[in-house]
Structure formats: C-alpha cells, structure tokens
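Heads up, the sequence shown is in our numbering, so the first residue is 9 and it goes up one at a time.
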Amino acid sequence: MELLESATYWHWWVLGIVLVVLEVFSPGVFFIWMAVSAGIVGLAMLVLPGLGWEIQILIFALFSVGAIVAWRLYLVRHPTQSDQPRLNRRGEQYIDRIFTLSEPILNGQGKIKVDDSTWKIYGDDCPAGTRVKVVGVDGVVLQVKAVGGA
9 MELLESATYW
19 HWWVLGIVLV
29 VLEVFSPGVF
39 FIWMAVSAGI
49 VGLAMLVLPG
59 LGWEIQILIF
69 ALFSVGAIVA
79 WRLYLVRHPT
89 QSDQPRLNRR
99 GEQYIDRIFT
109 LSEPILNGQG
119 KIKVDDSTWK
129 IYGDDCPAGT
139 RVKVVGVDGV
149 VLQVKAVGGA
C-alpha cells in the first residue's frame, strides 16, 4: 500500500515504458493501449499531484479497457488487408489447384498426395487417375470435384 500511496507521475511513465517494451516482444497490439493509459495517468498526476492511488488505478483501468475495446471495434469495422490472405492457411492455399488421384475416392472419402504431404479429401466417388480440383477446405480436409477422366 505504501508503494501505491507514494506513486508519482514518473512511476506511471516508467510503467508505460515497460508496457511498450512488452508490446515489442509480444504478438498483436495489446500492451500499447495500456502504456498509453499509464502515460495519461502520469500526465494527470503531473497536473494533479494529490490524486489518490485509488483514482489513479481507476483512471488506468478505465482508459486501458476503453482503449482496448475501441481498438477491437475498429479492427472489426476496418480489417487489416493483406496481399497474401491465405498465407497461414495451408489448406486454403490449395483451393483451385488440380491434382491427379493416386487412390480412388470411395464412399466420399479418400487421400491425395499434395506436394510433400498427404491430405484427406471428401468428394464424389472417383477412380484412381481422375483429375480433381480442390474447391474448399473443411478444417484439415480438402473438398474436391472431378474435372476430367483418367
């Protein structure tokens, strides 16, 4: 309690700097909003040095939560655009590619060799040697349609 009661503006600014450093080493954008909030509380302490520790923590909590919620809402309305939207979605990278079945699709299920791995596939029954096109992904299962004969 004594530490909280003796906090001054520069304590909050140091906390803000520590939070910025945490942001640098963490994925996403989260700690930066708490760092900004700590800076705001530090500024409030500079202007009003007699501010009680309870009010300081309340201001920090309100600004932190408010900034994080506002940022999340902004991201929902303005999603980040990427020149490679399928980058970390391995299955989706195979959509529209055509492969030749080495094994038949039986009862709507089969396997296909894709580059250096084997994928489970769903689609209409087809004999081995049929050319199939990947039309979708359901988790780790590729959905295929026949595009030609053997």
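All residues carry an ideal CB built from backbone N, CA and C; glycine is no exception.
Just so you know, these numbers come straight off a predicted model, no measurement behind them.
query: Excluding sequence positions up to five away, which residues of its chain have a Cβ less than 6 angstroms from the Cβ of V49?; result: W20, Q64, I67, F68
query: G157 to D133, Cα distance in whole Å?; result: Interpretation of G157 is limited by its pLDDT of 49, a score under 50 that renders its predicted location unreliable; no figure is taken from the coordinates.
query: What does a CB cutoff of less than 7 angstroms around K121 pick up in its chain, not counting 5 residues either side in sequence?; result: S110
query: Just the C-alpha distance for V44 and L54, rounded to the nearest angstrom, thanks.; result: 15 angstroms
query: Could you tell me whether the stretch 123-133 touches the stretch 142-157, where touching means 3 or more Cβ pairs closer than 8 angstroms?; result: yes
query: Would you kindly work out how many angstroms separate the C-alpha atoms of D104 and V140, rounded to a whole number?; result: 10 angstroms
query: In angstroms, rounded to a whole number, what distance separates the CA positions of L81 and V26?; result: 26 angstroms
query: To which residues of the same chain is L51 closer than 8 angstroms at the C-beta, ignoring the five residues directly before and after it?; result: Y17
query: Starting from G47, trace the alpha helix (DSSP H) in both directions and tell me its first and last residue.; result: 39-55
query: Where E100 and D124 are concerned, what is the direct C-alpha to C-alpha distance, given to the nearest angstrom?; result: 16 angstroms
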